[in-house]
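Residue numbers (the working numbering): 3 to 231.
By construction, the Cβ of each residue, glycine as well, lies at the ideal position given by its N, Cα and C atoms.
The block underneath contains the structure these notes are about, expressed in structure tokens.
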Amino acid sequence: MTDCTPIITQADCAPYAQTPVVTPTPTPAPGAPIQIERKMPPIGLDHDPLGWLPDFSTWSLEGLADGALLIAACVIAILVMTIMILIPATALAWKPTRLRNWLIGSVLAMPGATALWAWDVFEPGRMATEASHQFLEGQYTAGLLGMAVVLVPLAWLTATIAHTNRRVQLATVGLKSPARTERALWAQAQREQRAAARLSRRRLPFTTGGLSPEMVIGRLALETDQAGP
3 MTDCTPIITQ
13 ADCAPYAQTP
23 VVTPTPTPAP
33 GAPIQIERKM
43 PPIGLDHDPL
53 GWLPDFSTWS
63 LEGLADGALL
73 IAACVIAILV
83 MTIMILIPAT
93 ALAWKPTRLR
103 NWLIGSVLAM
113 PGATALWAWD
123 VFEPGRMATE
133 ASHQFLEGQY
143 TAGLLGMAVV
153 LVPLAWLTAT
163 IAHTNRRVQL
173 ATVGLKSPAR
183 TERALWAQAQ
193 REQRAAARLS
203 RRRLPFTTGG
213 LSPEMVIGRL
223 ALETDQAGP
């Protein structure tokens, strides 16, 4: 330490930090290559807006083929069951309300009963998912039977929509050809008359006995009116 004589105050000789020595930055030699890092500048988004999409890089042709096979099997099963429903609905002249009631019954009997038995609303979906895995593993019959908890209500829904649209089309705009419309309406009327004849031979339920012995007739199937002669 060097000798110091204070001039103004006693703190003139207090120790101070040494002035840092500035190291000059070496300049690159002429002709030397400059290294530049390739980095994408930030765009300004804090998150990926397409983050909900699956990672398509993990998909394979085998997985896509299995998924297409599963979808095709479900569609074919729904179409077959829809045709099986529409055949008696058309031949026996069922009203759209009857198919609607069967649709509600199928929903209550299959997904509804499954969810109530497991006390879980999502149990039918999990059952159908497990059955789809069995189908992809080669157990086709067991897989389709397991997915029936969802496929059967979908088939009833498809049949109800198709049958209702057909009846509404015949009753409103008709078919493309007026002659075809007339033939379709005549055939529908004949089927309804045959259905009424079959029902007329049966005893109406809940019509006798009880506290009120009066006859009780439910909803009218068809109501017509015309002017007097």
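Can you give the Cα-Cα distance for residue i and residue j, rounded to whole angstroms?
i           : j           : result
residue 112 : residue 191 : 34 Å
residue 144 : residue 74  : 16 Å
residue 127 : residue 116 : 10 Å
residue 103 : residue 188 : 26 Å
residue 175 : residue 91  : 22 Å
residue 108 : residue 41  : 59 Å
residue 194 : residue 121 : 43 Å
residue 223 : residue 183 : Annotation note: pLDDT 47 at residue 223 (below 50); position unreliable, no value reported.
residue 221 : residue 197 : Residue placement at residue 221 cannot be trusted, given a pLDDT of 49 that sits under 50; what the coordinates show is reported in the next sentence. Those two C-alpha atoms are separated by around 16 Å.
residue 39  : residue 65  : 39 Å
residue 37  : residue 135 : 53 Å
residue 179 : residue 70  : 38 Å
residue 81  : residue 119 : 29 Å
Can you tell me whether residue i is buried or exposed? The criterion is at least 16 other CB atoms within 10 Å of its CB, across all chains shown.
i           : result
residue 62  : exposed
residue 105 : buried
residue 123 : exposed
residue 86  : exposed
residue 201 : exposed
residue 95  : buried
residue 199 : exposed
residue 130 : buried
Might you give, ordered along the chain, the residues of its own chain that have their beta carbon closer than 6 Å to the beta carbon of residue i, omitting 5 neighbours on each side?
i           : result
residue 10  : none
residue 133 : 145, 148 and 149
residue 125 : 116 and 117
residue 27  : none
Given 8 Å as the limit, tell me if residue i has its C-beta closer than that to any heavy atom belonging to the ligand FMN.
i           : result
residue 178 : Looking at this structure, you won't find the ligand FMN or any other ligand, since it has none at all.
Whose CA, out of the options, lies closest to the CA of residue i?
i           : options               : result
residue 148 : 186, 109, 101 and 137 : 137
residue 100 : 172, 161, 25 and 173  : 161
residue 156 : 139, 200, 77 and 173  : 77
residue 186 : 196, 173 and 119      : 173
residue 151 : 93, 79 and 26         : 79
residue 168 : 26, 97 and 39         : 97
residue 154 : 38, 70 and 110        : 110
residue 68  : 38, 139 and 194       : 139
residue 141 : 72, 170 and 171       : 72
residue 83  : 125, 159, 179 and 180 : 159
Leaving aside the five residues before and after residue i along the sequence, list all residues of the same chain whose C-beta is less than 8 Å from its C-beta, in chain order.
i           : result
residue 88  : 161, 164 and 165
residue 177 : 171, 183 and 186
residue 93  : 193
Given residue i, which residues of its chain have a CB within under 7 Å of its CB, disregarding the five upstream and five downstream residues?
i           : result
residue 114 : none
residue 181 : none
residue 25  : none
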